[in-house]
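Quick mapping for you: the protein sequence lines, in order, are chains A and B. If you're matching positions, the first sequence starts at 61 in the numbering used here and goes up one per residue. If you're matching positions, the second sequence starts at 61 in the numbering used here and goes up one per residue. Think of the CB as a built atom: it goes at the ideal place given N, C-alpha and C, for glycine as much as any other residue. Predicted model only: the values in this text are computed from it and were never measured. Right, one structure below, let's go through it.
Protein chains: 2
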Amino acid sequence: MSILFPDTSDQEINQTLILAEQAFHKFRKFSGSKRAEFLDQIGKEIEKNQSDIISIANNETSLGVPRLEMELIRTVAEIKVFAKVARMNEWVQPSCPKDHFQESIASFVKKNIPLGPVVVIGACNFPLAISVVGTDTAAALSVGCTVVVKAHPAHPRTCQLLADLVQLAMKKCEIPLGTFKLIHGENHTVTQNLVAQPNASCIAFTGSLRGGSVLSKIVSQREKPIPFHAEMGSLNPVIALPNKIEQDLATLAQNYIQAVNLFAGQMCTKPGAFFILKSPDHSSLRQFIKEAVKQQKILPMLSRDIYENYEKGISFLKKALPLLSTNESNQDRIKNPAYCRIFELNAVQFIQNPELRTEAFGPMSLFIECKNEEELFNCIESFEGSLTGSIHCTKEEEALCQKIIPMLESKVGRLLWNGFPPGVTPGSATHHGGPWPATTDSRYTSIGKEAYQRFVRPLCKQGFPETRD
Amino acid sequence: MSILFPDTSDQEINQTLILAEQAFHKFRKFSGSKRAEFLDQIGKEIEKNQSDIISIANNETSLGVPRLEMELIRTVAEIKVFAKVARMNEWVQPSCPKDHFQESIASFVKKNIPLGPVVVIGACNFPLAISVVGTDTAAALSVGCTVVVKAHPAHPRTCQLLADLVQLAMKKCEIPLGTFKLIHGENHTVTQNLVAQPNASCIAFTGSLRGGSVLSKIVSQREKPIPFHAEMGSLNPVIALPNKIEQDLATLAQNYIQAVNLFAGQMCTKPGAFFILKSPDHSSLRQFIKEAVKQQKILPMLSRDIYENYEKGISFLKKALPLLSTNESNQDRIKNPAYCRIFELNAVQFIQNPELRTEAFGPMSLFIECKNEEELFNCIESFEGSLTGSIHCTKEEEALCQKIIPMLESKVGRLLWNGFPPGVTPGSATHHGGPWPATTDSRYTSIGKEAYQRFVRPLCKQGFPETRD
């Protein structure tokens, strides 16, 4: 257990949620512009303390300054989006009682109201953007929910600094005590205790499938069920058709491997499998992939734990599959090196061995050649749910594409045309969600403006005088 | 087990869901107007066979012809609403990628798509409107989901006739086999088996808290979690303030008791508790309530089982509480008579004995006098979630009202001003949902146009040419 940030006691967790519930009844009655002011103030405090945040996060993670700077900009931008959500009050979505479905019921008015205290469990791979004041927290605050955040134990000091800045903004904006609180804990029992709290009204989690599944079971045993939103593991399959391969051989290989190696393969949308149809350019493509892998910079992984887990996964895969390419030989002297590895297999192996698809969090991917269309279709049918799916093809391949797209649609939350994930900018059309095991509820997104939808519910008022709220 | 409608075998249930999954991939690609045509055709078949449906339902239930006729009209009206939903395609809700939140990402388009096969488990109290082609089924079909319905064993012939009419409409409109199927079963294992099917993508259940809780546990143990929407028990508290009682003494008592006795108290929104603040008119109100109870027509309950359960609940309450009023002495010779009973208790008893609040499905209600505002507030704080909550007050009681309304808001899905439930007409501002235990997810409604929201999820397409879907 950390000396600086000891595990929060059961009693304190319980007390925090009671306070969050009490604060909720005050905070939800604040005007949208008041909540916007609070969110904007948080953004300002983060910008003002940018260099401290980056420096501490750089000490605690291996992400490096440029990536952290980028992430901080994104985080502040998202906070501003949710300040706008609060200010514009669109999220209330009042139903017009006199629309074409309901001409006669003028006395009905339906509006969204906030759910209550939200528990946010931050991720290891985004210490700023999916953390203390990431989308989950900003979205929840924007609609009037109070928030309790579980700090990721891999970067507790970064979390604490961000939380201190939120507390500062609370003071400046006179936000009720209990509206926001950070909880520390290295032991999993802290998180497990948090999600079992009777006063929690919704959980937002980003992390591994294993962690998400454990918490999901605990939440399902609550006396009062509440929504549990987890964003977890995802294969993110990419399919490339022969014409496209022929046309863009080098670029395709290059972009594929870059997407695999991006931030040491520690992105939720890393392409974990690349499918091609048997084509004359197969061996050239393999060659380009090999070269692209060799060119990749070897980045440090987020932590020793994650590195060791990645290597464990790789050992398992190495026993089952031949390596098409790796940059392991480039023996840089960096800590926790994230070697890029591409394994090769055929469609039957892919279909029959789902354990090979278990997300190895790191820069690895499976390269699968399908003998014919039927094999490709069988592969797609065997997919579990993913956050993204991508198809690369030319106009001439339209007919085949028309068969593949509906199949892929039913497996993913985002479909990319001639592109590789991530490539997502958080906005109103953003959808960062997908069928299980990508998330626990494919109807919601954890990134982008619509993320607030998880934290509101409709309330219908009937027969109220027009003059009263 | 019924000879006419034997329990569906495990194998057949599994096969039905496999077919529903296969049909889904075809049906979801149908145009909105084609699905609208199908729904309209179902409506027409029901209207054409109205007298047969009413006659069979009248034999199987004790609801009586007038109520069944009304319910049939409502059912057809709802089917037409969802035909409109399908035709207008509004449910797709395409996100405008160039709105004020997202100016630069023109290549993102987000649209709703259907989830997959939906399992609908019909209720006992609405053999037509919450049954084979009630809101759940119509909503699911409107957005392109396929549907498997579990018939309620209390009225299997009514269910079968409705299902036959759907099959007829399917034939006429050339809808793929497997798009809709009825499953019979008296044994609970049939339903339990249904909700565990790997190909089910969502469950919509209306029934008791006990039944919903059992199914909820089974769903939570699925390998692939799916949304489970249950609409269950609800207290539906009503609060009346002193001025209002003084003003409308007789009407208030009359309307309260009528709402309690409506359809033998077998409505989801029956007011199960009536709270008053100690007032000079207390004894007059009690008198009016007593008289109103005596005037109530004694209706037959839905079935022998339900009658016996109601009487069991009443025996339990009789041991704990004094009866303020009952019409038990009116010994009509009807089958399964639903005697109206009002029990009297004080705020402390109400707060300390949650078991008294367990929904007794039938025309009973608790009458609670609170000594002061604090006691009333404590009662409200102790409420579990409900579908509705009502407040009766005058303009002069605005200050107290402003304290009560926010408290009630956090406990209910619909708030009525000087009214009694049900009083709900299905439409776009309708919300028939509420916090647990009223439903499993307060963010959704099981009645009204928005009911389709349970069955869709967003899909984001990125980088697709503008010309292609």
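Ranked by Cα distance from V141/B, the options S111/B, S502/B, T490/B are led by T490/B. Unbroken beta strand (DSSP E) stretches of 3 residues or longer found wholly inside the segment 447-471 of chain A: none. With distances taken between CA atoms, S261/B lies nearest to F288/B out of L242/B, V274/B, T251/B, F288/B. Look at C439/A here: in three-state DSSP terms it is helix.
In this structure, DSSP gives G325/B a helical state, which the three-state scheme calls helix. In the displayed model, L242/A falls within a strand according to three-state DSSP. Q281/B counts as exposed, since fewer than 16 other C-beta atoms from the protein chains shown sit within 10 angstroms of its C-beta. When secondary structure is reduced to three states using DSSP, G373/A falls in the helix class. For W496/A, the chain B residues whose Cβ falls inside 7 angstroms of its Cβ are K284, P285, in order along the chain. Here N396/B is not near V353/B, since their CB atoms are 9 angstroms or more apart.
Less than 9 angstroms divides the Cβ of E291/B from the Cβ of T499/B. In the DSSP assignment, V226/B falls within the unbroken alpha helix (DSSP H) covering 216-232. Neighbourhood of H491/A in chain B, by CB distance below 8 angstroms: K170, P518, L519, C520, in chain order. Close to S280/B, with beta-carbon spacing below 7 angstroms, are these residues of chain A in chain order: S280.
For Q409/B, the enclosing alpha helix (DSSP H) has its first and last residue at 407-412. Listed along chain A, the residues sitting closer than 8 angstroms to F524/B by beta-carbon distance are L475, W477. In the DSSP assignment, M148/B falls within the unbroken alpha helix (DSSP H) covering 125-148. Residues of chain B whose Cβ lies closer than 9 angstroms to the Cβ of D308/A do not exist; the shortest such Cβ separation is about 14 angstroms.
Ranked by Cα distance from E97/B, the first of I139/B, L64/B, I116/B is I139/B.
At a beta-carbon threshold of 7 angstroms, the residues of chain A lying near H85/B are P466, ordered along the chain.
Taking C-beta separations shorter than 8 angstroms and ignoring five residues to either side along the sequence, the partners of F323/B in its chain run L123, R127, N185, L359, following chain order. DSSP links R517/B through a beta bridge to I173/B. Relative to the Cα of V207/A, the nearest Cα in the group I78/A, M424/A, C453/A, S343/A belongs to I78/A.
Shown here, E404/B sits in a strand according to DSSP, grouped into three states. Burial is judged here by how many other beta carbons sit within 10 angstroms of a residue's own beta carbon; K330/A has at least 16 and is buried. Contact annotation: the segment 418-438 of chain A does not touch the segment 446-459 of chain A, with fewer than three C-beta pairs closer than 8 angstroms. CA-CA distance, N296/B to K231/B, rounds to 43 angstroms. According to the DSSP secondary-structure assignment, L426/B is paired through a beta bridge with A333/B, F403/B. S450/B is not a Cβ neighbour of G473/B, given a cutoff of 9 angstroms. Exposed is the label assigned to T249/B, since fewer than 16 other Cβ atoms lie within 10 Å of its Cβ. A Cβ-Cβ separation of about 15 angstroms leaves F265/A out of contact with P177/A under the 8 angstroms criterion.
Of all residues in the segment 427-456 of chain B, none places a beta-carbon less than 7 angstroms from a beta-carbon of chain A. Excluding sequence positions up to five before and after E120/B, its CB lies within less than 8 angstroms of the CB of P187, A214, H215, P216, R217, T218, all in the same chain and listed in chain order. Put simply, the CB of T500/B is near chain A, with a gap under 9 angstroms to one of its CB atoms. The Cβ atoms of K471/A and F443/A sit closer than 9 angstroms to each other.
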